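In our numbering, each residue's number is its place in the sequence shown (first place is 1) plus 8.
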Amino acid sequence: MPLPGNRPTWLTFDCYGTLIQWDEGLLAAMEAILSAKGSDIDQAAFIAVYDRYEHELEQQKPHRSFSRITALALELAMKEFGLPFHTADAGLLTSSIGRMPPFPEVVETLGRLKAAGFRLAIISNTDDAIIAGNVAQLGGFVDRVITAEQAEAYKPSPQIFRHAWKTLGIGMNDLVHICASPHLDLTAARELGFRAIWVDRDTGRKPLSDYRPNEAVPTLDKVAGLFVANGWM
């Protein structure tokens, strides 16, 4: 089925989990943090608790930086598991996020999309300083990076998306958003009505029960094939 609407001028991307190996990187970071404490706690269980606190903190007001949220979420998760928390633990986590690498197909795909004339932007729930290390690994193909720090809001809030569109000087119909997170990016797509492609990397994250993205692909390189079929490349 062809994607609706005209050829977009901009492609916007979620970063972590879409372009950057978030789950793999977070697991490695938490393994290092927990191992240093001599803990044999199940890492997946710990990450589930950390994620819960992170998402709760992101929705609280006033706005906090992502580095502060990661520190608080880590501290609360450690308290729940009876572990001691030190500021160095938070530093290890945030520095690990900035070093997380892209998925294998990402850089080549971004280059292909850029060569086809699309402009590329990232919209991400993070701080400028943290994401800089990730963007540096993306081949220089990304034109703009919009963060929660700049928008003073976290996904799925419409505020971060509207801030991004204003920054890019475009309307909602001038873009296609490409993302891996159903409950952040696709929730916003459902609410605001922008075109979205879901990168379903088989993480177990499920689409919303009352919303379907315009297309779903297993890896980022399949997006180019959709655009070729649509006459956009």
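No residue lacks a Cβ here, since even glycine has one placed at the ideal position from N, Cα and C. Keep in mind that this is a model prediction, so the values were computed, not measured.
Closest by CA to H63, which one among R220, Q145, A161, W206? A161
Which word fits A316, buried or exposed, when buried means at least 16 other C-beta atoms lie within 10 angstroms of its C-beta? With the chain represented from 9 up to 241, any question about residue 316 goes unanswered, as that position is not in the structure.
Drop a sphere of 10 angstroms on the beta-carbon of V231, count the other beta-carbons inside from all chains shown, and report buried for 16 or more, exposed for fewer. Around the C-beta of V231, 16 or more other C-beta atoms lie within 10 Å, and the residue is accordingly described as buried.
Assign E199 to buried or exposed, taking buried as 16 or more other Cβ atoms, counted over all protein chains shown, within 10 Å of its Cβ. A residue is called buried once 16 or more other Cβ atoms fall within 10 Å of its Cβ, and E199, having fewer, is exposed.
Taking the beta strand (DSSP E) that F21 falls in, what are its first and last residues? 18-21
For N133, count the other beta carbons within 10 Å of its own beta carbon; 16 or more makes it buried, fewer makes it exposed. Which is it? buried
What do you get for L216, buried or exposed, if any count of 16 or more other CB atoms within 10 angstroms of its CB means buried? L216 is exposed by the Cβ-count criterion.
Same chain, Cβ closer than 6 angstroms to L183, five either side skipped, listed in chain order: P16, W18, T20
Proximity to E223 [Cα-Cα], best of D151, G212, D208, L42: D208
Cβ atoms of R203 and G13: under 8 angstroms apart, would you say? yes
If we require 3 or more residues per run, which beta strand (DSSP E) segments fall completely within the region 163-192? 183-187
For G106, which option in I138, A56, T175 has the closest C-alpha, if you only look at C-alpha atoms? I138
Measure the beta-carbon distance from V114 to L228 and round it to whole angstroms, keeping in mind my assumption that it falls under 8 angstroms. 5 angstroms
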